[in-house]
Amino acid sequence: MKVLVIGSGGREHCIAWKISKSDFVEKIYAIPGNPGIAELAECKNIDIKKENFSQIISFVEEKGIDFTIVGPEAPLVDGIVDVFGKRGHKIFGPDMKGAMLEGSKVFTKDLCKKYEIPTPGSHAFKRSDRQKANNYLGKLEDNKFPVVIKVDGLAAGKGVIIAQTKEQALSAVEQCFIKNVFGSSGDYIVIEDFMKGFELSLLNLCDGKNIIPMVLAQDYKKIFDNDMGKNTGGMGSYSPVPFVSDDLYDKILNRIIYPTYDALLKEGITYKGILYGGIIVEEGEPYLLEYNCRFGDPETQAILPRLNNDLLELLVKCAGGKLSSQKLSWASDKCVCVIMASKGYPESSSSGDIIKGLDDLKNNEDITVFHAGTRYEDSNIATAGGRVLGAASCAPSFKEARNKIYTAIDKIKFDGMQFRKDIALRVEEYPPC
């Protein structure tokens, strides 16, 4: 089977790495790919924006590609699955209607309210209602802060602002509606109640009729240790999550995930692909923060290394509506992934810095390095901005996996490299909840 992976990040490198082990794969292609993916696949440099979908289709037809896997959210929200379907090409991911779960926070909040799926309380406002949003915030008592301001559309993981005070909240509204920081993604905003608790990620395989949960993971969104600094796309992750009890896991499935899938069916949406729930747990009760319509990044890099099943076989069954008899099998090992980001990230992003030390890790069986923001610079591999690399390791304990990763990271050098040192630290010591 000839397979195309769409995307250029660490998630896509991990997907390509996993399917390269499949018994069913003949050849892997990637659009646009990155230097790490290029070691596994033939890469074609096409920008994956909506106006280039026809170019991607032409590439699929030229190469005789049998199956396409979409990594990032933007092409899914823009309807790439619908375009492929009209041309009779097999593709993994939800169609445009299903991708609304990630493409519109307002849509998801409305769905949750209609079907009584637990989620933090919220109010939505459109750009022309800026004064109504300001009036709403102005009437809130000081003890109601912090509040969370979310832009409705896609914002590369940076469209969530936690406003500690009324002034910060009003400033966030101004950023969205007046300064237009988020463009059309900020045409609507959601002002959400802040919840104290811990967050979890649960990815689920969906085939239009059946839904199969994968394992829980936890990611680290802040740039600095101890959850300090600004939000990022994710600075690390680990799986499984040892302190989550069976009871809490069942609550997440039976109160949030399964009711959402039923709600989609009732709304006439046949959802195929990954349904990724971002969950917050407050005082032992789970609430939905958001849905994503694709594999998480960096959660994927901590989940797929533990999957015993043939990933390509799973995704083909998923897209074909044939998951009903499928069982997932997981390694007992723990997996940790630590992200290395460029200088200035997330506010700005440095690129063109030569990366040293990668060759020293190529034959290290304890570590897998996934490329994200990398590019070729003559005969060298250099940074391309943002999150640059992810190092993942599996081991019988989190401590052992962490030790392997941080030993490996010591060998990698590029100017201004940032990484957190507390990924999966002490998670085995947390009491069950």
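When you line the sequence shown up against the working numbering, it's residues 1066 to 1498, in that order. The beta carbon of each residue, even a glycine, is placed where N, CA and C say it ideally should be.
Contact annotation: PRO1305 and LEU1281 have beta-carbon atoms nearer than 7 angstroms. Here the alpha carbon of PHE1124 sits roughly 15 angstroms from the alpha carbon of VAL1135. One alpha carbon belongs to GLY1153, the other to ASN1357, and they sit about 25 angstroms apart. Contact between the segment 1294-1304 and the segment 1480-1490 is established, with three or more Cβ pairs separated by less than 8 angstroms. Residue pairing from DSSP leaves PRO1307 without any beta-bridge partner.
Between LEU1265 and ILE1344, the C-beta gap is smaller than 7 angstroms, which places the two residues in contact. The DSSP-derived three-state label of ASN1208 is helix. When secondary structure is reduced to three states using DSSP, PHE1484 falls in the coil class, being assigned neither helix nor strand. Boundaries of the beta strand (DSSP E) harbouring GLU1350: 1350-1357, taken from the DSSP string. ALA1396 counts as exposed, since fewer than 16 other beta carbons sit within 10 angstroms of its beta carbon. Counting along the chain, the unbroken alpha helix (DSSP H) around GLN1120 starts and ends at 1118-1128. Taking ILE1277 as the centre and dropping the five residues before and after it, the same chain places the C-beta of ASN1269, LEU1270, LEU1388, GLN1391, LEU1393 closer than 7 angstroms to its C-beta, in chain order. 7 angstroms or more divides the Cβ of VAL1142 from the Cβ of GLY1101.
Burial state of ASN1099 is buried, judged by a 10 Å Cβ sphere holding 16 or more other Cβ atoms.
Cβ-Cβ distances below 7 angstroms link LYS1478 to LYS1421, GLY1422 in the same chain, with the five nearest sequence neighbours on each side left out; the list follows chain order. Cβ neighbours of ASP1362 within its own chain (closer than 7 angstroms, five residues either side excluded): GLY1074, GLY1075, ARG1076, GLY1298, GLY1299. By the Cβ test, the segment 1379-1387 is not in contact with the segment 1444-1456, since fewer than three Cβ pairs between them sit closer than 8 angstroms. For CYS1271, DSSP records a beta bridge to ILE1276, GLY1338.
In the three-state reduction of the DSSP assignment, LEU1454 falls in the strand class. Three or more beta-carbon pairs drawn from the segment 1198-1215 and the segment 1223-1234 are found closer than 8 angstroms, and the two stretches are therefore classed as touching.
The C-alpha of GLU1239 is placed about 10 angstroms away from the C-alpha of GLN1196.
Between VAL1090 and VAL1070, the CB-CB gap reaches or exceeds 7 angstroms. Collapsing the DSSP output to three states places GLU1181 in coil. In the three-state reduction of the DSSP assignment, ALA1198 falls in the helix class, which pools H, G and I. Scanning its chain for C-beta atoms nearer than 6 angstroms, with the 5 sequence neighbours on each side dropped, one finds around VAL1346 the residues GLY1262, PHE1263, in chain order.
If you draw a 10 Å sphere on the C-beta of LYS1083, you find 16 or more other C-beta atoms in it, and that means buried.
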